[in-house]
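Residue numbering for the sequence shown is 57 to 440, as defined by our numbering. Take a look at the structure below.
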Amino acid sequence: MSDGRQAGRERSGHVLVACDKFKGSLTAGQVLSCIADGLHRADPVRDVRTVVVADGGDGTLDAAFSAGFDRVGVSVDGPTGERVETAYAVRDGVAVVEMADACGLVRLPNGLEPMTASSRGAGQALAAALDAGVREIVFGVGGSASTDGGAGMLQALGARLLDASGQEVAPGGGPLSGLASVDLSGLHPRLREATITLASDVNNPLLGSGGAVAIFAPQKGADEAQRVELEAALRTLGRLITEATGRDDTGRPGAGAAGGVGYAAMAVLDADMKPGIELMLALTGFTDLVDGAELVVTGEGSLDEQTLLGKAPAGVAAAARAAGVPVVAVCGRSLLSAEQAAGSGIERVYALTDLEPDPAVCMRDAGRLLTDLAEQVGADHPRA
57 MSDGRQAGRE
67 RSGHVLVACD
77 KFKGSLTAGQ
87 VLSCIADGLH
97 RADPVRDVRT
107 VVVADGGDGT
117 LDAAFSAGFD
127 RVGVSVDGPT
137 GERVETAYAV
147 RDGVAVVEMA
157 DACGLVRLPN
167 GLEPMTASSR
177 GAGQALAAAL
187 DAGVREIVFG
197 VGGSASTDGG
207 AGMLQALGAR
217 LLDASGQEVA
227 PGGGPLSGLA
237 SVDLSGLHPR
247 LREATITLAS
257 DVNNPLLGSG
267 GAVAIFAPQK
277 GADEAQRVEL
287 EAALRTLGRL
297 ITEATGRDDT
307 GRPGAGAAGG
317 VGYAAMAVLD
327 ADMKPGIELM
337 LALTGFTDLV
347 DGAELVVTGE
357 GSLDEQTLLG
367 KAPAGVAAAA
377 RAAGVPVVAV
387 CGRSLLSAEQ
397 AAGSGIERVY
407 ALTDLEPDPA
417 VCMRDAGRLL
427 TDLAEQVGAD
437 HPRA
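See the structure below:
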């Protein structure tokens, strides 16, 4: 990946490429390389600098690693109990844990498991960071596979969630229907000294028509009957945790994040929540990188209304606009109007579908098309 800098040349300003992956076709690193190559086709001596961005979902670890964080490998339980190799990122006493890589949708081995998928692996990754002495953790919770209210995560951190016979409830949201008591006395002792910040843009409560089950469980495979069961199970979990902590956090904004992991983290781990993209831009040094830039190029596979709700391109555009730097976006396809894009701070959108209308070809030849698209960006935005 080229940064385009050449010693001894005067520069009027650089181009900062700050992109997420193109899901299903290009990794974030490949996206950055293709865009840099295309910009250099248009101007071989253009100063191009790159940074991977993420919003708390899958790709959060990659963004941290690309920013210089060290990788610490850890073996955890995947969403359905199989062991998976994941990691946390650490630098200067700050760790980044990604739920998606530990036990998220990307780790499901055989399709969606709405009733039995567990958040346990995320808790194991958090425990590993705590065991290593980390006291400040950024916890990316996007891309979860489970709707267990964070029960698995809490069990991995030492909580006991027991049925009427005094046995630990089985993994997943479904078995919580038999939950009878919650014992938090055995929680990891280092949690008392740790600061945990959730990287998420979900503001939903835990329960109700706008809660974790109603809004997100269908995406995880839950049918109507299963949603009724999961809602009742989370209501039971919330009631018992409220009794154990003396505080009802079920209605807090963000409690519904990651199938209720947001609730468990805030209610039991005393975590705070901040917009994922803002946290990741701060961790990856975006403010320093954008300083002096004359253009920012951002993007992801699909730009749509979800993008406007705090996903990586919108966050990059907002930060660049605050720095007074114009922004364009590249993507596989765009469902945004020019007015919607402009409202988010993006002055123009360049889509692969502008060059190739067949989506299958766009997926297959994404690298070539993205490089061509970036060359057009460079031609349309020459050095000042």
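The beta-carbon is built from N, C-alpha and C at its ideal position, and this holds for glycine as well.
TODO: Could you tell me which uninterrupted beta strand (DSSP E) segments, each at least 3 residues in length, are contained entirely in the segment 246–292, listed from first to last along the chain?
DONE: 251–255
Task: Proximity winner among Glu334, Gly229, Leu243 and Val324, relative to arginine 283 (alpha-carbon distances) - done: Gly229
Task: Meets three-Cβ-pair contact criterion under 8 Å: the segment 380–394 and the segment 420–430 - done: yes
TODO: Locate the beta strand (DSSP E) running through isoleucine 193, then write down its first and last residues.
DONE: 192–196
TODO: Could you check how far apart the C-beta atoms of valine 152 and threonine 116 are, in whole angstroms? I think they sit under 8 Å.
DONE: 6 Å
Task: Integer-rounded CB distance, given that leucine 217 should sit under 8 Å from alanine 235 - done: Sequence check: residue 235 is leucine here, not alanine. With a Cβ gap of about 6 Å, leucine 235 and leucine 217 count as contacting.
Open item on the list: Would the segment 114–130 count as touching the segment 94–105 if we require 3 or more Cβ pairs under 8 Å?
Closed with: no
Open item on the list: Starting from leucine 337, trace the alpha helix (DSSP H) in both directions and tell me its first and last residue.
Closed with: 332–339
TODO: To the nearest angstrom, report how far apart aspartate 421 and serine 393 are at their CA atoms.
DONE: 25 Å
TODO: Could you tell me whether the Cβ atoms of glycine 312 and valine 258 are closer together than 9 Å?
DONE: yes
Task: Per DSSP, cross-strand counterpart(s) of aspartate 126 - done: Val146
- [ ] Just mark glutamate 141 as buried or exposed, buried being the case when its beta carbon has 16 or more other beta carbons within 10 Å.
- [x] exposed
Task: CB-CB length for alanine 110 against aspartate 148, believed under 8 Å - done: Not confirmed; about 19 Å, so no contact.
Open item on the list: Please report the straight-line C-alpha distance between alanine 278 and leucine 95, rounded to a whole angstrom.
Closed with: 45 Å
Task: glycine 112 versus phenylalanine 195 - alpha carbon distance - done: 8 Å
Open item on the list: What residue range does the beta strand (DSSP E) around glycine 388 cover?
Closed with: 383–390
Task: Ordered list of beta strand (DSSP E) runs contained in the segment 80–120, each at least 3 residues - done: 104–108
Open item on the list: Do serine 265 and alanine 314 have their beta-carbon atoms positioned less than 9 Å apart in this structure?
Closed with: no
Open item on the list: Using 9 Å as the threshold, is the C-beta distance between alanine 74 and threonine 354 below it?
Closed with: yes
Open item on the list: My assumption, with CB atoms under 8 Å, is that proline 227 sits in contact with glycine 137. Please give the rounded CB distance.
Closed with: 6 Å
TODO: Would you tell me roughly how many angstroms separate the C-alpha atoms of proline 331 and glycine 198, rounded to the nearest one?
DONE: 11 Å
Open item on the list: I need the DSSP call for glutamate 138, collapsed to helix, strand or coil.
Closed with: coil
Open item on the list: Here's a check: name, in chain order, each residue in its chain whose Cβ is nearer than 8 Å to the Cβ of serine 174, leaving out the five neighbours to either side.
Closed with: Asp133, Pro135, Thr136, Gly137, Cys159, Ser202, Asp204, Ala207, Gly208, Pro227 and Gly228
- [ ] Put serine 233 into one of helix, strand or coil per three-state DSSP.
- [x] helix
Open item on the list: Do leucine 293 and glycine 316 count as a contact pair if the criterion is CB distance below 9 Å?
Closed with: yes
- [ ] Leaving out five residues on either side along the sequence, give the residues of the same chain with a beta carbon under 6 Å from the beta carbon of serine 81.
- [x] Met419 and Ala422
- [ ] Check the DSSP bridge columns for serine 221 and list the partner residues they point to.
- [x] Per DSSP, none; premise fails for serine 221.
- [ ] Compute the minimum distance between the beta carbon of glycine 380 and the heavy atoms of the ligand FMN, and state whether it is under 8 Å.
- [x] Questions concerning the ligand FMN fall outside what the structure shown contains, since it holds no ligand whatsoever.
Open item on the list: Within 8 Å, do at least three Cβ pairs link the segment 296–311 to the segment 322–339?
Closed with: yes
TODO: Could you have a look at glycine 380 and say whether DSSP puts it in helix, strand or coil?
DONE: coil
Task: Neighbour-count burial assignment, alanine 212, 16 or more Cβ in a 10 Å radius - done: buried
Task: Cβ neighbours of alanine 63 in the same chain (closer than 6 Å, five flanking residues each side left out) - done: Per-residue confidence for alanine 63 stands at a pLDDT of 37, beneath the threshold of 50, marking its modelled position as unreliable; the derived number appears in the next sentence. Same-chain partners within the cutoff: there are none.
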